[in-house]
Amino acid sequence: MRSTLLSRRDLEFLLYEWLDVEALTKRERYAEHSRETFDAVLELSEQLATKYFAPHNKLNDANEPTFDGERVTIIPEVGQALAAFAKAGLPSAAMDYELGGAQLPATVAQASYAWFQAANPGTAGYPFLTVANANLLIAHGPEHVEKFVKPMLAGRFFGTMCLSEPQAGSSLADIVTRAEPQDDGTYRLFGTKMWISGGDHELGENIVHLVLAKIPGGPAGTKGISLFVVPRFLVGDDGAIGERNDVALAGLNHKMGFRGTVNTVLNFGEGRWTPGGAPGAIGYLVGEPHRGLTYMFHMMNEARIGVGLVATALGYTGYLESLDYARTRTQGRAKLPADPSAPQRPIIEHADVKRMLLAQKSYAEGALALVLYCARLVDEQRTAESDDDRRAITLLLDILTPIAKSWPSQWCLEANSLAIQVLGGYGYTREYNVEQHYRDNRLNPIHEGTHGIQGLDLLGRKVTQQGGAGLLALGSRVDATIAAARAAGGEAAELATRLDAVWRRLVEVTAGLFASGDIEAALANSSVYLEAFGHTVLAWIWLEQFLAAADRPGDFYDGKRHAARFFYRFELPKTAPALDLLASLDTTTLQMRDAWF
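Going from the sequence shown to our numbering is simple: count from 1 and add 15.
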């Protein structure tokens with residue numbers, strides 16, 4: 016029986032027939048691997064996700080964490096699943112051998128992790144936040160690796176990221192948490208952090224918080240932000256767990272989705288505990304003072320692509336569940352006018368149901384391809400032969416990151432909405448999974464920077480940085496795909512012509528936005544720009560898949576080609592009115608006044 020979590024066949028196509036991850040084994044970092052080891056990891060991931068994560072997904076949703084004023088209680092199945100995940104060595108799957116990792120390519124690791132996100136995003140949130148936390152410390156705080164990173168990779172400690180505050184939200188320049196330096200080189204932190212996923216629980220021995228705070232006397236705004244390791248329990252030089260740090264749980268936030276991931280308000284330096292006999296949460300500086308936001312972006316960018324992955328996984332599993340339902344649910348008859356004596360037919364034979372399933376397929380499979388393409392860039396970045404090559408790949412990854420975060424968050428959510436529609440009245444009931452998938456996925460347009468923030472990041476930073484170098488780097492890859500499609504001829508060449516026209520128009524409109532000199536007007540519709548840019552990128556991704564499937568017989572390849580046709584006929588044309596609006600430098604939103612609402 017085929018899984019309704021993800022399609023193993025699609026993963027194999029993307030990894031081996033399109034992205035050619037086997038070629039990575041020719042690079043020194045991955046030389047000890049082969050397709051056999053990659054397949055073994057994917058097989059293990061599917062088995063663990065199916066056995067330990069999927070069975071309690073609905074239970075997790077119905078029984079969210081509770082706080083009695085002293086302890087957070089989480090259903091036991093979560094801990095059992097995380098223990099199995101850690102025992103399999105998956106937290107360190109992509110880490111260096113020196114850290115006890117398997118040194119897997121990021122592409123394979125992301126494909127592995129997708130199984131767990133599809134099976135149970137609430138439970139999967141704990142280890143994936145921890146892995147991102149560990150990656151930041153490995154890159155920017157190597158002095159913390161022995162004490163904090165290795166226990167996290169072993170599954171003993173968990174990690175968080177503490178950015179937002181009740182009064183600041185996404186405006187990190189306005190945070191007020193302070194870190195007062197001590198004579199012993201540590202800091203004492205005082206302040207409140209909001210929306211902290213995994214912020215308090217009993218799933219492991221310790222929780223390692225990465226906290227943004229300001230050292231008194233530092234520069235104003237974001238330039239005065241530093242980053243600190245603040246553990247729930249202090250850890251001795253010998254690795255032994257010590258006294259409780261002054262990190263107190265103020266309360267839980269109750270979200271519409273991701274209910275299985277405890278979400279918290281944390282008080283640092285409340286005085287409930289006084290480690291070392293003094294108030295204030297003990298923290299350890301990461302890297303240099305006042306560079307905290309730069310360091311945190313390492314984790315944030317990883318988390319943004321991670322958000323794209325979980326959004327994709329939720330869209331994908333919802334698609335497969337609605338597909339399975341459509342194949343078995345009978346309603347309506349074949350002929351018009353209908354013959355009441357004729358047998359009913361499966362709803363998948365109705366044109367509108369096919370439309371909804373095709374849309375879901377184009378969104379979910381396109382998003383999965385995009386996220387894995389970004390992971391492939393991470394592998395190229397890690398193994399680049401020169402600094403110039405690494406810088407070029409970094410530029411490309413930078414410009415694709417807001418797309419990899421936001422496009423799946425928007426369109427795989429739409430896939431979940433369509434999945435509910437395919438199931439009809441049953442889709443709105445809790446007896447079926449698709450309504451939970453929608454609620455879980457609705458958080459992802461907000462997670463790690465809202466849709467609007469991603470639009471501003473893309474248009475206001477990524478397309479202009481280094482004189483538009485990132486846009487040029489992406490353009491060169493799009494041009495290469497167009498050239499390959501034209502060389503292939505036939506339908507591929509026709510799709511290439513459509514993509515070429517939209518890409519040229521996008522570049523032209525981008526230049527025109529900034530040529531006006533009115534930055535406020537240029538950025539006013541950055542969310543529209545994000546959507547048009549994202550659809551153009553996905554059209555390129557679909558052309559890549561079309562070429563990889565070209566001339567290959569069988570239902571799977573026919574389905575790939577037809578999904579590409581659908582995207583080009585139904586979705587890519589949506590960019591035209593968006594680009595027209597952007598080119599006009601429309602100021603309707605700017606002109607609106609508060610009183611007019």
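Glycine is no exception: its CB is placed at the ideal position from the N, C-alpha and C atoms.
Which one or two residues does DSSP pair with residue i in a beta bridge?
i, result
"Phe-205", "Arg-193"
"Ala-484", "Its beta-bridge partners do not exist; DSSP assigns none."
"His-224", "Thr-175 and Val-245"
"Pro-361", "Thr-345"
"Phe-283", "Gly-206 and Val-262"
"Leu-267", "Thr-279"
"Val-250", "Ile-256"
"Thr-81", "Thr-88"
"Ile-240", "Lys-229"
What three-state label does DSSP hand residue i in the structure shown?
i, result
"Ser-542", "helix"
"Val-368", "helix"
"Gly-298", "strand"
"Trp-210", "strand"
"Phe-612", "coil"
"Val-56", "helix"
"Phe-581", "helix"
"Ile-461", "coil"
"Arg-306", "coil"
"Asn-448", "coil"
"Asp-111", "coil"
"Ala-328", "helix"
"Gly-94", "helix"
"Glu-380", "helix"
"Gly-156", "coil"
"Ala-235", "coil"
"Phe-143", "helix"
"Arg-519", "helix"
"Glu-217", "coil"
"Arg-50", "helix"
Do you know whose CA, among the options, lies nearest residue i's CA?
i, options, result
"Leu-538", "Glu-27, Phe-273 and Val-478", "Val-478"
"Leu-114", "Val-160, Val-87 and Leu-335", "Val-160"
"Gly-330", "Pro-166, Glu-158, Asp-35 and Ala-430", "Ala-430"
"Val-522", "Ala-554, Gly-483 and Ala-502", "Gly-483"
"Gly-156", "Asp-189, Pro-290, Val-245 and Glu-85", "Val-245"
"Thr-207", "Leu-57, Gly-213, Phe-163 and Ala-265", "Ala-265"
"Leu-227", "Ala-183, His-269 and Ser-542", "Ala-183"
"Gly-321", "Arg-391, Thr-175, Gly-239 and Phe-143", "Phe-143"
"Phe-131", "His-71, Ala-77, Asn-148 and Lys-162", "His-71"
"Glu-37", "Gly-298, Asp-25 and Thr-52", "Thr-52"
"Leu-63", "Ala-101, Ser-491 and Arg-274", "Ala-101"
"Leu-594", "Phe-582, Tyr-572 and His-550", "His-550"
"Leu-249", "Asp-261, Gly-239, Leu-242 and Ala-610", "Asp-261"
"Arg-513", "Leu-119, Tyr-583 and Ala-46", "Tyr-583"
"Gly-442", "Thr-604, Arg-193, Ala-169 and Glu-336", "Glu-336"
"Pro-616", "Asn-148, Arg-50 and Glu-258", "Only positions 16 to 612 of the chain appear in the structure, and residue 616 is not among them; the question remains open."
"Ala-126", "Asp-403, Tyr-453, Ala-384 and Ala-503", "Ala-384"
"Ile-461", "Leu-474, Trp-555 and Phe-273", "Phe-273"
Check the C-beta distance from residue i over to residue j and give it rounded, since I have them as a contact under 8 Å.
i, j, result
"Glu-217", "Val-87", "7 Å"
"Gln-469", "Ser-421", "4 Å"
"Arg-247", "Ile-230", "Contact flag wrong, Cβ pair sits at about 22 Å."
"Val-493", "Trp-518", "5 Å"
"Tyr-388", "Leu-34", "7 Å"
Flag this pair as yes or no: are the beta carbons of residue i and residue j separated by less than 8 Å?
i, j, result
"Arg-326", "Pro-423", "This sequence places Ala at residue 326; Arg is not what is there. Yes, the Cβ-Cβ distance between Ala-326 and Pro-423 is below 8 Å."
"Leu-74", "Tyr-141", "no"
"Asp-215", "Val-277", "yes"
"Gln-95", "Tyr-112", "no"
"Lys-369", "Ala-578", "no"
"Glu-20", "Thr-332", "The question names Glu, but residue 20 in the sequence shown is Leu. Cβ atoms of Leu-20 and Thr-332: closer than 8 Å."
"Met-371", "Leu-428", "no"
"Ala-108", "Thr-65", "no"
"Leu-562", "Ala-507", "yes"
"Met-176", "Leu-225", "yes"
"His-269", "Glu-463", "no"
"Ala-511", "Ala-500", "yes"
"Ser-531", "Leu-596", "no"
"Gly-275", "Gly-439", "no"
"Gly-381", "Leu-545", "no"
"Val-437", "Ala-293", "no"
"Gly-284", "Leu-204", "yes"
"Ile-414", "Leu-486", "yes"
"Tyr-299", "Thr-409", "no"
"Arg-391", "Thr-590", "no"
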